[in-house]
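Student:
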Amino acid sequence: MTSDAGHEARYRAIAADLAAKIRSGQYAPGAALPPQRELSASYGVTLMTLRQALRQLSDDRLIVQQPGRGTFVAPPHLSYQLDSLRSLVDDLRKQGHDVRTAVAGRAVRRAPARIAAELRLRPGDTALRLERVREFAGRPAVHQVSWVRRPVADQIRDRDFTAVSLYTALADAGVTVARASEVVRPGLLDPAAARHLHEPQGSPVLVSTRITYTLDATPVVSDHATILGSMMEIRTDRAATGLSLTWGATT
1 MTSDAGHEAR YRAIAADLAA KIRSGQYAPG AALPPQRELS ASYGVTLMTL
51 RQALRQLSDD RLIVQQPGRG TFVAPPHLSY QLDSLRSLVD DLRKQGHDVR
101 TAVAGRAVRR APARIAAELR LRPGDTALRL ERVREFAGRP AVHQVSWVRR
151 PVADQIRDRD FTAVSLYTAL ADAGVTVARA SEVVRPGLLD PAAARHLHEP
201 QGSPVLVSTR ITYTLDATPV VSDHATILGS MMEIRTDRAA TGLSLTWGAT
251 T
């Protein structure tokens, strides 16, 4: 066996061993792996060889390497259909994912100018501001602020949004949702969302802005979701019959 072949065999063996430990649950989703120097010493290889093994695990979407913080086991695969008229959480739960919601705030407030324009409110009008944090695999991943138009907001403001989605609450209140327009763009984590997501300000994120309309084309909800770029990505399935868009885990 040549030197190059031997080197490749060593790092692939290390990658296979770490992958087996991850898949067996020895290293749980979101858990930190031991420091690189500790791992290289335990396997009896150089840092360069270990890093090649970690690069392979990263390519296989099993770990996430965060500069300055360490190496972490990637969260479970997460995906939801963007071409369906359901909430993000409803999509994920339907696929069997464990999604937890914490309500960070709810209050009837004067709508900011941007929200007033999106909901077609008059200057000075108020709306329900609902702030939530979504957790996947035991860690916060999505910070979501929803503004709900009144008088619909008054009918749903006391619902338990840790257990009920906003769309379900609207349906229970007799509001029929007809369509929603959504824009997803890359961005950087702002200070307000960073506090809730426990990530450094400026981390890569995906920003989803969705406006939901009733049957008579009245905008009823303006939704702004900040999604950690280290957790999820957008994927598409293209076919002759149409285009399917999904969220998926990313490294």
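To convert, note that position 124 of the sequence shown is 124 in full-length UniProt numbering; the numbers rise steadily by one, no gaps. Even for Gly, the Cβ is constructed at its ideal location relative to N, Cα and C.
Around the Cβ of Leu33, are there at least 16 other Cβ atoms within 10 angstroms (buried) or fewer (exposed)?
Tutor: With 16 or more Cβ atoms within 10 Å of its Cβ, Leu33 is classed as buried.
Student: So, does the segment 192-200 touch the segment 159-177, judging by three or more C-beta pairs under 8 Å?
Tutor: Segments in contact, no.
Student: Can you tell me where the beta strand (DSSP E) holding Leu206 begins and where it ends?
Tutor: It spans Pro204 to Thr214 - the beta strand (DSSP E) in which Leu206 sits, taken as one unbroken run.
Student: Give me the Cα-Cα distance between Glu8 and Leu47, rounded to the nearest whole angstrom.
Tutor: Glu8 and Leu47: Cα-Cα distance of roughly 14 Å.
Student: Check this for me: beta carbons of Gly183 and Leu206, under 7 Å apart or not?
Tutor: Per the sequence shown, residue 183 should be read as Val rather than Gly. No, they are not a contact pair.
Student: Kindly identify the DSSP beta-bridge partner or partners of Leu130.
Tutor: Answer is Arg106 and Ser146, bridged to Leu130.
Student: Mind checking whether Arg106 and Glu135 have CB atoms under 7 Å apart?
Tutor: No, they are not a contact pair.
Student: By alpha-carbon positions, which one of Glu38, Pro35 and Ala15 ends up nearest to Ser58?
Tutor: Out of Glu38, Pro35 and Ala15, Ala15 has the C-alpha closest to the C-alpha of Ser58.
Student: Spatial neighbours of Arg179 within its chain, please: C-beta separation below 6 Å, excluding the five flanking residues on both sides.
Tutor: Tyr213.
Student: So, are the CB atoms of Ser40 and Leu54 less than 7 Å apart?
Tutor: No, these two residues do not count as a Cβ contact at 7 Å.
Student: Taking the C-alpha atoms as reference points, what is the distance between Tyr27 and Val148?
Tutor: Taking the straight line joining both Cα atoms gives about 41 Å.
Student: For Ala171, report the span of its beta strand (DSSP E) as first-last.
Tutor: Element bounds for Ala171: not the beta strand (DSSP E) but the alpha helix (DSSP H), Leu166 to Asp172.
Student: Classify Ala116 as buried or exposed, calling it buried when 16 or more other Cβ atoms lie within 10 Å of its own Cβ.
Tutor: Ala116 should be labelled buried.
Student: Skipping 5 residues on each side, what residues in its chain have a beta carbon closer than 8 Å to that of Val220?
Tutor: Around Val220: Leu119, Val148, Arg149, Val152, Leu170, Val175, Val177, Thr212, Tyr213 and Thr214.
Student: Could you check the C-alpha separation between Gly229 and Leu189 for me, to the nearest Å?
Tutor: Rounded to the nearest angstrom, the two C-alpha atoms are 9 Å apart.
Student: Identify every residue that forms a DSSP beta bridge with Gly70.
Tutor: Gln66.
Student: Measure the alpha-carbon distance for Ala104 versus Asp216 and round it to whole angstroms.
Tutor: Those two C-alpha atoms are separated by around 31 Å.
Student: Would you say Val45 and Arg10 are within 7 Å of each other, going by their C-beta atoms?
Tutor: In this structure, Arg10 lies closer than 7 Å to Val45 by Cβ.
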